[in-house]
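Report on the structure given below.
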Amino acid sequence: MPAYDLIIRNGTIVDGTGQDRFAGDIAIKDGLIAQVGEVGGDAAEEIDAGGHLVTPGFVDIHTHYDGQATWDQELAPSSWHGVTTVVMGNCGVGFAPAKRDKHEWLIGLMEGVEDIPGTALAEGMKWDWETFPEYLDALEKLPRAVDVGTHVPHGSVRAYVLGDRERPGAVPTEKDIEEMGRIVEEGVRAGALGFSTSRTVLHRDIDGEVVPGTTATAEELVAIGRAMGRAGHGVFEMASDMMREWDEFGWMGKMSRETGLPVTFAALQSIAKELPLDEQIASMRAENDNGANIVAQIALRGNGIVMAWQGTVHPFRLKPSWKEIEDLPWEEQKAKLFDPEFKARILAEQHDFSEVNQDIMGLIMVVCGGWNMQFEMDPDFNYEPTAQESILERAKAVGMSGDEYAYDLLCSDDGKGFIYLPILNYADGNLDFLMDLQQSDDTVNSLSDGGAHCGTICDAASPTFMLQHWVRDRARGTIGLENAVKRQCSDTARLYGLEDRGILAPGYLADLNIIDMDRIRLGKPWLAFDLPAGGKRLLQKADGYIATIKNGKVTFREGKWTGETPGGLIRGPQRAELLEAAE
């Protein structure tokens, strides 16, 4: 009988603690790491990791797989990028609690905010739940390649309590707020990892209405935080426009000090945020100096839109000629787009802004003609492009207008060309401002939005981008490998109380990656139509992942799913019992 289930030999171990890498072996038994260092004995399987890195599995705390997790065991694309744990239910959107007459409304909320096809959600979800604990039970029925944990989302809670009264500006009664708190406490006690809300005009439902949390009062939000405090655990997660009059950091600090719980927010350079990023960070630190525990979630690249003819957004979407063909099948659309007469007509037309909400007019103007901010996604695309690489400059170089160059670019590769528009986190035309933030204990690497923005964004590849760009290739300055792995593994895990993962040491979950850093590379994005009801999603794979291991089972080899599904549902914090048992 072999001593171990699996031994990984001769690897360069980056253990997730931030300490220096070292050479060694890792032995795995019964889903746990049994030994690290020099391992004797034999195993049912051995993997030679010579010349490669061995890291913990990545923990992605900002995803939106709330619907997909009910039907999809692979949970791509996050699982393709070394992720072994995801936390979903972010930004106040999700599907529980849910009364039957609110199913369509909740789908419209998710589709509007996160660009997940409503038809796919309607086809894929079985809705065999009403309460949040019942939703957790439904999630627990399906084994997956990764572990999933989730927040209780504000939008669902408000809709459940207010019913038809839920609309922008709705003011809940004291009894309503008490009931919301009860639902959140019930969800957290059943195993939710926290509560989430959104307070940004960029988040709107399918009808263009702002999401429920946008107009919530500080009193409502603090009361919900207190409900988590009664349950004894949970993270309060928020996206916000940080309007000065809202004093977001004031009430977040109060809530954190009163409950003892962490509060985390999306920290971005954003056209919608009244507080600049440096002021957001300074305000957070002032509250933390006064006893709060507020943590900033930072993205590692410009949060932007990937535009394509078949995507959700492209620069010509508001042209009258596009409106004429937007509902045609793709092959008929393509025939029109490749017709020189149609091209001349659409380029000569003005955009129709008549139905655009004024809150986002600035963004729409950039989408429709901000050629100095848009970039061609060629095969070796660098996600930190320079001004000289913009469509404006490339068009000038060949004597074309920006709109004609963009049109031809979208028509390249048989109509599958892509344009990158970094809307957030790229005000300086580079990512230098993120260097110091990646050395800070009060920030975590996040905001991948895995599973969301299916027709516009594919940032689920963030862990791969971190390794390729920030650790290995960035010309403007790199970060240390050990720190990068710590931030994507143990730091994210600890924020959510997941003390059983993120570190390679005896007693921890056997969640690991074997990585060839010389080969680590993002692939070219593509649009797939593989969601239920033929729903589209933007996908991106990577080279360089030799293997991903979850709970001791090899789930991916060279980027291909093995079919193993050792992952499940995380219910609440995972404390140090496993460590004590192993000592």
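Our numbering puts the last residue of the sequence shown at 1093; the count rises by one with no breaks. For each residue, glycine too, the CB sits at the ideal point set by N, CA and C. What you are looking at is a predicted structure, and each value in this text was computed from that prediction instead of being measured.
Below 8 angstroms, how does it come out for the region 677-685 and the region 694-712: are there three or more Cβ pairs, yes or no?
no
Could you tell me whether the region 583-602 touches the region 528-548, using the rule of 3 or more Cβ pairs below 8 angstroms?
no
Closest Cα partner of Val954 within the set Ala726, Trp819, Asp1001: The count along the sequence shown starts at 1 and reaches residue 954 at position 444. Nearest C-alpha to Val954: Asp1001.
The region 897-912 touching the region 829-846, judged by at least three CB pairs closer than 8 angstroms:
no
| task | Can you tell me the Cβ-Cβ gap for Phe642 and Glu730, rounded? I've got them flagged as a contact below 8 angstroms. | result | Your numbering for residue 642 matches position 132 in the sequence shown. Your numbering for residue 730 matches position 220 in the sequence shown. About 18 angstroms; that fails the 8 angstroms criterion.
Assuming the contact rule is C-beta atoms closer than 8 angstroms, Arg827 and Gly801 should be a hit. Round their C-beta distance to whole Å, please. Here residue 827 corresponds to residue number 317 of the sequence shown, with the count starting at 1. Here residue 801 corresponds to residue number 291 of the sequence shown, with the count starting at 1. Contact flag wrong, Cβ pair sits at about 48 angstroms.
With DSSP run on the structure shown, which of helix, strand or coil describes Ser900?
By one-based count along the sequence shown, residue 900 stands at place 390. Here Ser900 sits in strand by DSSP.
Going by beta carbon distance, what residues of the same chain come within less than 6 angstroms of Val603, once the five residues before and after it are set aside?
In the sequence shown, counting from the first residue as 1, residue 603 sits at position 93. Closer than 6 angstroms at Cβ, skipping near neighbours: Leu619, Met620, Val623, Pro663, Gly665.
Open item on the list: Can you tell me which residues form a DSSP beta bridge with Gln884?
Closed with: Numbered from 1 along the sequence shown, position 374 holds the residue referred to as residue 884. Partner(s): none; Gln884 has no beta bridge.
Determine whether the beta carbon atoms of Asn520 and Asp576 lie at a separation below 8 angstroms. Here residue 520 refers to the residue found at position 10 when the sequence shown is read from its first residue. Here residue 576 refers to the residue found at position 66 when the sequence shown is read from its first residue. No, they are not a contact pair.
Could you tell me which residues DSSP puts in a beta bridge with Leu1048? Sequence index remark: in the sequence shown, residue 1048 carries index 538 (1-based). Answer is Leu1037, bridged to Leu1048.
Given this structure, state the Cα-to-Cα distance separating Leu873 from Ala994, to the nearest angstrom. As a position in the sequence shown, residue 873 is number 363, starting the count at 1. As a position in the sequence shown, residue 994 is number 484, starting the count at 1. Going from the Cα of Leu873 to the Cα of Ala994 covers about 32 angstroms.
Grab the span of the alpha helix (DSSP H) containing Glu633 for me, first residue to last. Translated into the one-based positions of the sequence shown, residue 633 becomes position 123. From DSSP, the alpha helix (DSSP H) with Glu633 extends over 628-634.
Using a 10 Å radius around the Cβ and a threshold of 16 neighbouring Cβ atoms, would you call Val720 buried or exposed? On the sequence shown, residue 720 is found 210 positions in, with the first residue counted as 1. That one is buried.
### Task
Determine the DSSP secondary structure at His963, reduced to helix, strand or coil.
Your numbering for residue 963 matches position 453 in the sequence shown. Residue state, collapsed to three classes: coil.
Worksheet item: Residues bridged to Ser750 by DSSP?
Response: Residue numbering aside, residue 750 sits at position 240 when the sequence shown is read from its first letter. Ser750 pairs with Arg709.
Original post:
Curious, which full-length alpha helix (DSSP H) runs of at least 4 residues does the region 618-680 contain?
Top reply: 628-634, 642-650, 664-672
Problem - Whole-angstrom C-beta distance between Gly599 and His661, which should lie under 8 angstroms - result: In the sequence shown, the residue the question calls residue 661 occupies position 151. In the sequence shown, the residue the question calls residue 599 occupies position 89. About 4 angstroms separates the two Cβ atoms, so the contact holds.
Note down, in chain order, each residue of its chain lying with its Cβ closer than 7 angstroms to the Cβ of Thr822, except the 5 sequence neighbours on either side. Residue 822 sits at position 312 when you count from the first residue of the sequence shown. If we look at Thr822 and ignore the five residues flanking it on each side, its Cβ neighbours are Asp625, Gly965, Thr966.
What are the residues that DSSP puts in a beta bridge with Val597? Here residue 597 is taken as the residue at index 87 of the sequence shown, counted from 1. DSSP output for Val597 lists Gly659 as bridge partner(s).
With distances taken between CB atoms, is the gap from Met765 to Gly735 smaller than 8 angstroms?
To locate residue 765, count along the sequence shown from 1; it is residue 255. To locate residue 735, count along the sequence shown from 1; it is residue 225. Contact flag set, yes.
**Prompt:** Which first and last residues belong to the beta strand (DSSP E) in which Ala533 is found?
**Reply:** Numbered from 1 along the sequence shown, position 23 holds the residue referred to as residue 533. 532-539 is the span of the beta strand (DSSP E), which, as asked, contains Ala533.
- Query: Exposed or buried, Arg838, counting other C-beta atoms within 10 Å across all chains shown (16 or more means buried)?
  - Reply: Along the sequence shown, read from residue 1 onward, the residue named residue 838 stands at position 328. Rather than Arg, the amino acid found at residue 838 in this sequence is Leu. Exposed, because fewer than 16 other Cβ atoms sit within 10 Å of the Cβ of Leu838.
Exercise for the section: Taking Asp1026 and His613 to be in contact with their CB atoms under 8 angstroms, please state how far apart those CB atoms are, rounded to whole angstroms. Expected result: As a first step, residue 1026 must be located in the sequence shown, where it is residue number 516. As a first step, residue 613 must be located in the sequence shown, where it is residue number 103. So it is not a contact: roughly 45 angstroms between Cβ atoms.
With 16 other CB atoms within 10 Å as the buried threshold, where does Ala971 fall? Here residue 971 is taken as the residue at index 461 of the sequence shown, counted from 1. Buried, by the Cβ-count rule.
- Task: Please name the residue in Glu755, Leu1005, Pro932 whose C-alpha comes closest to that of Thr774.
- Result: As a first step, residue 774 is located in the sequence shown; it is residue number 264 there, counting from the start. Here the closest residue by C-alpha is Leu1005.
Find the nearest neighbour of Pro1016 within the set Pro566, Glu555, Pro512, judged by alpha-carbon distance. Working through the sequence shown from its first residue, we reach residue 1016 at position 506. Nearest option by C-alpha distance: Pro566.
**Request:** Helix, strand or coil for Trp819, going by three-state DSSP, please let me know.
**Result:** If you number the sequence shown from 1, residue 819 lands on position 309. Trp819 falls in the coil class under three-state DSSP.
Open item on the list: Which residue wins for smallest C-alpha separation from Asp969, given the options Ile781, Leu1049, Ile989, Ser950?
Closed with: As a first step, residue 969 is located in the sequence shown; it is residue number 459 there, counting from the start. For Asp969, the nearest C-alpha among the options comes from Leu1049.
inquiry  = Less than 6 angstroms between C-beta atoms, sequence neighbours within five positions excluded: which residues of the same chain meet that for Leu1089?
reply    = Counting from one through the sequence shown, the residue named residue 1089 turns up at place 579. Low confidence applies to Leu1089: its pLDDT is 45, below 50, so where it sits in the model is not reliable, and the reading given next is rough at best. Once the five neighbours on either side are set aside, the close Cβ partners of Leu1089 are Gly1017.
- Item | Buried versus exposed call for Ala1020 [16 or more other C-beta atoms within 10 Å across all chains shown] | Residue 1020 sits at position 510 when you count from the first residue of the sequence shown. Classification of Ala1020: buried, given that the 10 Å Cβ count is 16 or more.
query: With DSSP run on the structure shown, which of helix, strand or coil describes Leu563?
result: Counting from one through the sequence shown, the residue named residue 563 turns up at place 53. Three-state DSSP puts Leu563 in a strand.
Review point. Do Val524 and Glu886 have their C-beta atoms within less than 8 angstroms of each other?
Key: Within the sequence shown, the letter at position 14 stands for residue 524. Within the sequence shown, the letter at position 376 stands for residue 886. No.
**Asked** Taking the continuous alpha helix (DSSP H) assigned at Phe891, which residues delimit it?
**Response** If you number the sequence shown from 1, residue 891 lands on position 381. That residue, Phe891, is in no alpha helix (DSSP H); it is neither H nor E in DSSP.
| request: Determine the extent of the alpha helix (DSSP H) in which Leu1079 is found, giving its start and end residues. | output: Within the sequence shown, residue 1079 is the residue found at index 569, counting from 1. Unbroken run through Leu1079: none, as it is neither H nor E.
Same chain, Cβ closer than 8 angstroms to Asp535, neighbours up to 5 away in sequence not counted | In the sequence shown, the residue the question calls residue 535 occupies position 25. Cβ neighbours of Asp535 beyond the five flanking positions: Ile517, Ile518, Arg519, Asn520, Gly521, Gln545, Val546, Gly547, Glu548, Val549.
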